[in-house]
Amino acid sequence: MQGKIDMTQAAIQQAAAILKAADSACVLSGAGVSKESGVPTFRDAQEGLWAKYDPTELATPNAYRKNPKLVWDWYEFRRGMVADVKPNPGHIALAALEKHFSPFPIITQNVDDLHEQAGSTSVTHLHGNIAGHKCFHDCHGKPTRVDIRTLEFDPDDGPPECPHCGRKSLRADVVWFGEMLPEDDLAYAMHVCAESDVIIVVGTSGLVTPAASLPRLTKEGGGKVIEVNPDYSMITRIADVKLEGPSGDMLPKLVAAMG
Ligand code: OAD
Numbered sequence: 129m130q131g132k133i134d135m136t137q138a139a140i141q142q143a144a145a146i147l148k149a150a151d152s153a154c155v156l157s158g159a160g161v162s163k164e165s166g167v168p169t170f171r172d173a174q175e176g177l178w179a180k181y182d183p184t185e186l187a188t189p190n191a192y193r194k195n196p197k198l199v200w201d202w203y204e205f206r207r208g209m210v211a212d213v214k215p216n217p218g219h220i221a222l223a224a225l226e227k228h229f230s231p232f233p234i235i236t237q238n239v240d241d242l243h244e245q246a247g248s249t250s251v252t253h254l255h256g257n258i259a260g261h262k263c264f265h266d267c268h269g270k271p272t273r274v275d276i277r278t279l280e281f282d283p284d285d286g287p288p289e290c291p292h293c294g295r296k297s298l299r300a301d302v303v304w305f306g307e308m309l310p311e312d313d314l315a316y317a318m319h320v321c322a323e324s325d326v327i328i329v330v331g332t333s334g335l336v337t338p339a340a341s342l343p344r345l346t347k348e349g350g351g352k353v354i355e356v357n358p359d360y361s362m363i364t365r366i367a368d369v370k371l372e373g374p375s376g377d378m379l380p381k382l383v384a385a386m387g
């Protein structure tokens, strides 16, 4: 036990030294950073969303075509789940790192807004925003975003009508399997990651591309990778330092070590 504590402490000091020597840094975050706020991850063996639900039935354009009400209801359920959650010490520590780097871009795969709530000012959502909505057909250009607070509809009656084309085609403003990521956001993320001296990769399994490929761009540009994750991930093999523990515990310690 003492040996593990010493190793963790050494890794924190090593990560802090890498950050102190860097002129630029960025973050790639995934579901793990929001877990301690009460938002389930996707691939935890027991509690992960994809352990309980089939993504092909819920998170693809075909699933929506086949059963729009089921997909609508599932995203409304998840929207409700994140509506009341609060940032945890991991989000707050990342926001505190803005003191050391300006800008400090956070590229997130998460569809919640917990980084923003914690005070981070440069957050790019590669997989969209679960609080937002758009027309499935993008009838007024890509994306056709709609503020559903301005609409009257029965939330139990499946997707509301799009106010532009009149079809019952509203959906969550997120990226589904088989869909392209927002082009400009992805291009920005690739640029930031390639140019950064350090990337902190927090709470992602590194299984979903193109987000999972971003840390490699930092490496190829001569930068370093700091990973924060209690478990092994696809990022671990390229990490220069690994903080092996929950981000709500590791990141505040890293911020403290930065001074
Ligand atoms: P995953 O569920 O695939 O991975 C979550 C990661 O967080 C795992 O590596 C866990 O070990 C780690 N983890 C768990 N608890 C943690 C904690 N307290 N602190 C830090 N890390 C912790 O989630 P993502 O990698 O984000 O895409 O998944 C990527 C994408 O796959 C998602 O954006 C979503 C999903 O399908 C779409 O919906 C398009």
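Using this note's numbering, you'd call the opening residue of the sequence shown number 129 and step up by one each time.
Backbone N, C-alpha and C define an ideal beta-carbon position, used for all residues, glycine too.
When the options are compared against residue i, the one with the closest alpha-carbon
i: Ile-327; options: Met-135, Lys-132, Val-155; result: Val-155
i: Leu-345; options: Arg-295, Val-329, Asp-359, Pro-358; result: Val-329
i: Ile-363; options: Val-383, Thr-337, Lys-270; result: Thr-337
i: Leu-379; options: Arg-299, His-261, Ala-149, Ala-144; result: Ala-144
i: Asp-312; options: Ser-333, Val-369, Arg-365, His-253; result: His-253
i: Gly-349; options: His-268, Glu-323, Glu-372; result: Glu-323
i: Phe-205; options: Gly-131, Asp-275, His-228, Arg-299; result: Arg-299
i: Arg-365; options: Ile-258, Ala-340, Phe-170, Ser-250; result: Ala-340
i: Ala-159; options: Asn-190, His-243, Asn-195, Ala-187; result: His-243
i: Thr-303; options: Pro-271, Cys-293, Gly-294, Leu-342; result: According to the sequence displayed, residue 303 carries Val and not Thr. Out of Pro-271, Cys-293, Gly-294, Leu-342, Pro-271 has the C-alpha closest to the C-alpha of Val-303.
i: His-228; options: Gln-245, Lys-347, Lys-148, Trp-202; result: Lys-148
i: Ser-157; options: Lys-180, Ile-234, Thr-188; result: Ile-234
Residue i CB to nearest heavy atom of the ligand OAD below 8 Å
i: Val-353; result: no
i: Asn-238; result: yes
i: Gly-334; result: yes
i: Asp-359; result: yes
i: Asp-73; result: What is shown of the chain runs 129 to 387, which leaves residue 73 out entirely.
i: Gly-331; result: yes
i: Lys-369; result: In the sequence under discussion, the amino acid at residue 369 is Val, which differs from the Lys named in the question. Not under cutoff, so the answer is no.
i: Val-356; result: yes
i: Thr-252; result: no
i: Glu-348; result: no
i: Arg-391; result: The structure shown has nothing for residue 391, since the chain only spans 129 to 387.
i: Gly-160; result: yes
i: His-255; result: yes
i: Phe-264; result: no
i: Gly-260; result: no
i: Ser-341; result: no
i: Gly-176; result: yes
i: Asp-241; result: no
i: Val-302; result: yes
i: Pro-374; result: yes
i: Glu-185; result: no
i: Glu-164; result: yes
Burial state of residue i, where buried means 16 or more other Cβ atoms lie within 10 Å
i: Asp-307; result: Here residue 307 is Glu; the residue named in the question, Asp, does not match the sequence. Its Cβ having fewer than 16 others within 10 Å, Glu-307 is exposed.
i: Ala-138; result: exposed
i: Ser-230; result: exposed
i: Glu-175; result: exposed
i: Gln-237; result: buried
i: Pro-288; result: buried
i: Asp-285; result: exposed
i: Phe-305; result: exposed
i: Ser-361; result: buried
i: Met-281; result: The identity of residue 281 in the sequence shown is Phe, whereas the question assumes Met. Classification for Phe-281: exposed.
i: Pro-215; result: buried
i: Thr-279; result: Reading the sequence as shown, one finds Leu at residue 279 and not Thr. With fewer than 16 other Cβ atoms within 10 Å, it is exposed.
i: Lys-197; result: exposed
i: Lys-194; result: exposed
i: Ile-133; result: exposed
i: Thr-332; result: buried
i: Asn-357; result: buried
i: Lys-370; result: buried
i: Thr-249; result: exposed
i: Pro-343; result: buried
i: Gly-387; result: exposed
i: His-225; result: At residue 225 the sequence reads Leu, which differs from the His that was named. By the neighbour-count rule (16 or more Cβ atoms within 10 Å), Leu-225 is buried.
i: Pro-283; result: exposed
i: Lys-180; result: exposed
Nearest-angstrom Cβ-Cβ length linking residue i and residue j, presumed shorter than 8 Å
i: Lys-381; j: Ile-220; result: About 13 Å; that fails the 8 Å criterion.
i: Val-383; j: Asp-368; result: Incorrect: roughly 19 Å between the Cβ atoms, too far for contact.
i: Ala-211; j: Gly-247; result: Actually they are not in contact, since the Cβ atoms of Ala-211 and Gly-247 sit about 19 Å apart, beyond 8 Å.
i: Gly-260; j: Arg-273; result: 6 Å
i: Asp-301; j: Gly-256; result: 5 Å
i: Ile-258; j: Asp-240; result: 7 Å
i: Ser-375; j: Val-161; result: 5 Å
i: Lys-191; j: Thr-184; result: As written in the sequence, residue 191 is Ala, which differs from the Lys given in the question. So it is a contact: roughly 6 Å between Cβ atoms.
i: Arg-295; j: His-319; result: Incorrect: roughly 37 Å between the Cβ atoms, too far for contact.
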